[in-house]
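S.K.: Quick one: the structure is below, questions incoming.
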Amino acid sequence: MLLRIAMTRLPSPADAEDAVQEVFLKLLTSRPQFRDAEHEKAWLIRATLHRACDMARSASRRDLPLEDAEVLPGRELPEPSPILSAVQALPAKYSAVIHLYYYEGYSLKEISKLLRLPVPTVGTRLSRGRERLRQLLKEDVE
């Protein structure tokens, strides 16, 4: 689940794996206290979203020369679906809500608890994200 969440914000599976690995490293080194398993899950989701967004914004990750990029033999990168690419192109506040709702199956109330947002805000972001997604997909077709 965390890997799928990271992949909504990052261009490659390797970057998404790095983000999730860093979140687990932070979990092990900082040892935060959780009230219960749901609190821990919410922390992991928020930390993954934050780390993936930080990595996506990082100029140093985008400025890697092509000659320095290494593709492992026998490991081809899967071509992302047009819908996933469109979700990744959305601003983080919309893509996170859309991913949690459609890909992970969370309800608006559950997303509100995970992201610490009011339920109406989650509903608004989902609605606006859907509209932006429609526009992006319509542009791709044309």
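Residue numbers for the sequence shown follow this note's numbering, so the first one is 38 and each next one is one higher.
In this text, a Cβ means the ideal position worked out from N, Cα and C, and glycines have one as well.
This structure is a prediction, so every number in the text was calculated from the model and none was measured.
Please report the residue range of the alpha helix (DSSP H) in which Tyr131 lies.
M.R.: 129-135 is the extent of the alpha helix (DSSP H) around Tyr131.
S.K.: Drop a sphere of 10 angstroms on the beta-carbon of His136, count the other beta-carbons inside from all chains shown, and report buried for 16 or more, exposed for fewer.
M.R.: His136 is buried by the Cβ-count criterion.
S.K.: Quick one: residues in its chain with C-beta nearer than 7 Å to the C-beta of Lys150, no 5 flanking neighbours on either side, listed in chain order?
M.R.: Only Ala79 meet the Cβ criterion.
S.K.: Between the region 157-173 and the region 74-88, can you find at least three pairs of beta-carbon atoms closer than 8 Å?
M.R.: Counting Cβ pairs under 8 Å, fewer than three are found: no touch.
S.K.: How big is the Cα-Cα spacing for Leu174 and Phe61?
M.R.: Distance between the alpha carbons of Leu174 and Phe61 is about 34 Å.
S.K.: On the CB-based measure, 16 or more other CB atoms within 10 Å of its CB, does Arg68 come out buried or exposed?
M.R.: Arg68 should be labelled exposed.
S.K.: If you check the beta carbons only, do Val124 and Leu145 fall under 8 Å apart?
M.R.: In this structure, Leu145 does not lie closer than 8 Å to Val124 by Cβ.
S.K.: Under the three-state reduction of DSSP, which class applies to Ser49: helix, strand or coil?
M.R.: Reduced to three states, the DSSP call for Ser49 is coil.
S.K.: Suppose the cutoff is 7 Å on Cβ atoms and the five residues either side in sequence are ignored; what does the same chain contact list for Met38 look like?
M.R.: If we look at Met38 and ignore the five residues flanking it on each side, its Cβ neighbours are Glu141.
S.K.: Is the beta carbon of Tyr131 closer than 8 Å to that of Arg169?
M.R.: Contact: yes.
S.K.: What do you get for Leu40, buried or exposed, if any count of 16 or more other CB atoms within 10 angstroms of its CB means buried?
M.R.: Label assigned to Leu40: exposed.
S.K.: Below 8 Å CB to CB, which residues in the same chain sit around Asp177 once its five sequence neighbours on both sides are set aside?
M.R.: Within the same chain, Asp177 has close Cβ partners Pro119, Ala123.
S.K.: For my contact list, Ala53 and Met44 are in at a C-beta cut-off of 8 Å; report their separation, rounded to the angstrom.
M.R.: Right, the Cβ-Cβ distance comes to about 4 Å (below 8 Å), so this counts as a contact.
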